[in-house]
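S.K.:
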Amino acid sequence: MGSTNASPKWRIGIVYSSFYRELIEAMKKSAVEELQKSGIVQSNITMNEAPGSFEIPLIGRNLAEKKSVDALIALGIIVQGDTHHAEILARESARGCMDVQLMYGIPFGYEILYVDRIEDAEKRTDKGAEAARAVLAVLCGKN
379 MGSTNASPKW
389 RIGIVYSSFY
399 RELIEAMKKS
409 AVEELQKSGI
419 VQSNITMNEA
429 PGSFEIPLIG
439 RNLAEKKSVD
449 ALIALGIIVQ
459 GDTHHAEILA
469 RESARGCMDV
479 QLMYGIPFGY
489 EILYVDRIED
499 AEKRTDKGAE
509 AARAVLAVLC
519 GKN
């Protein structure tokens with residue numbers, strides 16, 4: 379997924395969960411580095427904290443509704459526990475982000491990791507960069 383036609387004027391909103399802060403920071407860093415490497419200026423990248431992954435779609439929708447972003451990136455970590463709660467959170471956050479993407483016609487890169495163990499997430503903190511590449515590829519294709 380190349381992003382050579384990225385416009386430095388594109389506004390990217392990163393919406394991230396407040397859980398597992400250290401790992402989320404690494405995911406945010408990889409996303410920002412990828413965006414900047416592609417030509418997006420730092421001042422056009424906004425950070426938006428959500429209480430948890432479940433609230434990410436709502437915050438993304440608010441940003442899209444205000445037309446304050448050209449693309450969104452969701453970053454979170456959901457760890458499976460002893461109940462089905464985590465599965466529900468993961469499914470509904472994915473559905474919510476997809477709904478926002480389709481309703482507002484803007485890409486919503488989705489890297490809310492749903493893992494069995496936190497160690498699985500530790501190995502995937504570069505996923506922020508993947509989400510950045512995905513939204514840039516969609517934006518480049520729209521122009």
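If you use our numbering, the sequence shown corresponds to residues 379 to 521, in order. We put the CB at the ideal spot given by N, CA and C, even for glycine. Predicted model only: the values in this text are computed from it and were never measured.
Around the C-beta of VAL419, are 16 or more other C-beta atoms found within 10 angstroms, so that it is buried, or is it exposed?
M.R.: exposed
S.K.: Using a Cβ-Cβ cut-off of 6 Å (strictly less than) and excluding sequence neighbours within five positions of MET425, which residues of its own chain qualify?
M.R.: ILE392
S.K.: Are the segment 465-482 and the segment 401-414 in contact at 8 Å, needing three or more beta carbon pairs?
M.R.: no
S.K.: List the endpoints of the continuous alpha helix (DSSP H) containing ILE418.
M.R.: Premise fails: ILE418 is in no alpha helix (DSSP H) and is neither H nor E.
S.K.: Note down the Cα distance separating ALA515 from ILE456, rounded to an integer number of angstroms.
M.R.: 26 Å
S.K.: What do you reckon, are the CB atoms on ILE434 and SER396 nearer than 7 Å?
M.R.: Using a Cβ distance threshold of 7 Å, ILE434 and SER396 do not count as a contacting pair.
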